[in-house]
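Colleague: Okay, so the sequence shown: first residue is -12 according to this note's numbering, each after it adds one.
Don't be surprised by glycine CBs; every beta carbon is placed ideally from N, CA and C.
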Amino acid sequence: MDELISERLQSFMDRWVSPLPELLQEIEAFTLANHPEAHMLSGAQQGQFLSMISQMIRPRRVLEIGTFTGYSALCLASGLTEFGKLVTIEYRESDAQQARSYFDRSAYRDQIQLLQGDAHVLLPTLTESWDLVFIDADKTGYADYFNILLPSVRRNGFILADNLFFHGQVLEEPVKGKNAKALLSFAEAVKSCPDVEQVPIPLRDGLMLIRKL
Ligand SMILES: C[S@@+](CC[C@H](N)C(=O)[O-])C[C@H]1O[C@@H](n2cnc3c(N)ncnc32)[C@H](O)[C@@H]1O
């Protein structure tokens, strides 16, 4: 599969996006230098987009599934109201520890709650009502996450789901990989749900932006 975004377009975008705060730059540099799956980090384009979405919504309650090293959580936290709270779930202990060390150094240390464990187990235990949800964990879980979470997203609340294109594999014919197939099942579940409207956004690996009606 060809690159979804040409090198020329990527460097044009890199040239014009505002730099993110120093701590986020540090997380990105550390992750790129040390993490074997560094490609999973949102990066500056998507990070700035997540920050601005959150700053537009000014959420009281944000949920993230898939913390990784904490980059996107800190972007999403930037729009929280004064007494707002962000809950983020990470399965792997080492990533959770790394993320926690960054949260502790951030302005949002008292507003971010990191739950370490499997989101499939933890989600049904949460009782909050969400203004903004970011789904960015196991792709085969997306459709389940959407169905489990939708009742607890408030009216006019938003869900953002990452990797809609799954490295371009959703565009292949036939679609072969299990993750690409899972993303298509998720997109079908969203499209056929009468309680939401949605728009795919071709940023990086593709995002689905969903509004609960
Ligand atoms: C793509 S990375 C998240 C990247 C992060 N949101 C960012 O932008 O920097 C996906 C993360 O989800 C975690 N994960 C995968 N399956 C999970 C599950 N069932 N429950 C919780 N976390 C999970 C992985 O360990 C990984 O750290």
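#1: So if DSSP puts Thr75 in a beta bridge, which residue, or which two residues, is it bridged to?
#2: Could you compute how far the alpha carbon of Leu170 sits from the alpha carbon of Lys126?
#3: Between which two residues does the alpha helix (DSSP H) containing Lys168 stretch?
#4: Ligand 1 and Ile146: does the residue's C-beta get closer than 7 Å to at least one heavy atom of that ligand?
#5: Would you say Trp3 lies against chain C (beta-carbon separation less than 8 Å)?
#6: Any heavy atom of ligand 1 closer than 7 Å to the beta-carbon of Ala25?
#7: Answer yes or no: do Gly202 and Ala124 have a C-beta to C-beta separation smaller than 8 Å?
#8: Counting along the chain, where does the alpha helix (DSSP H) carrying Phe17 start and finish?
#9: Would you identify the three-state DSSP class for Glu115, choosing helix, strand or coil?
#10: Do the CB positions of Leu102 and Ile135 come within less than 8 Å of each other?
#11: Tell me which residues share the same chain as Phe90 and place their Cβ nearer than 8 Å to its Cβ, disregarding the 5 neighbours each side in the sequence.
#12: For a test of your reading of the model: does the CB of Tyr95 fall under 7 Å from any non-hydrogen atom of ligand 1? Yes or no.
#13: So, using beta-carbon positions, are Met0 and Gln42 closer together than 8 Å?
#14: Indicate, with yes or no, if ligand 1 has a heavy atom lying under 7 Å from the CB of Glu77.
#15: Short of 8 Å in beta carbon distance, which residues of its chain neighbour Leu190, apart from the five on each side in sequence? Order them along the chain.
#16: Is the beta carbon of Asp209 within less than 7 Å of some heavy atom of ligand 1?
#17: Roughly how many angstroms lie between the CA atoms of Pro161 and Glu9, to the nearest whole one?
#18: I'd like to check one pair, Gly144 with Asp182: are the Cβ atoms closer than 8 Å?
#19: Please classify Phe153 as buried or exposed, where buried requires at least 16 neighbouring CB atoms within 10 angstroms.
#20: Less than 8 Å between the CB atoms is what I'm expecting for Ser139 and Glu115, so what's the real figure, rounded?
#21: For the beta strand (DSSP E) holding Ser157, just list the boundary residues, first then last.
Modeller: The short version:
#1: Glu51, Leu101
#2: 6 Å
#3: 165 to 178
#4: no
#5: The chain inventory of the structure shown lacks chain C, comprising one protein chain alone.
#6: no
#7: Residue 202 lies beyond the residue range present for the chain, which begins at -12 and ends at 200; the question has no answer from this structure.
#8: 9 to 21
#9: coil
#10: no
#11: Gly57, Ala60, Leu61, Arg96, Ile99, Leu101
#12: no
#13: no
#14: yes
#15: Gln32, Gln33, Phe36
#16: Nothing in the structure corresponds to residue 209, since the chain is present only between -12 and 200.
#17: 43 Å
#18: no
#19: buried
#20: 7 Å
#21: Going by the sequence as given, residue 157 is Val instead of Ser. Unbroken run through Val157: none, as it is neither H nor E.
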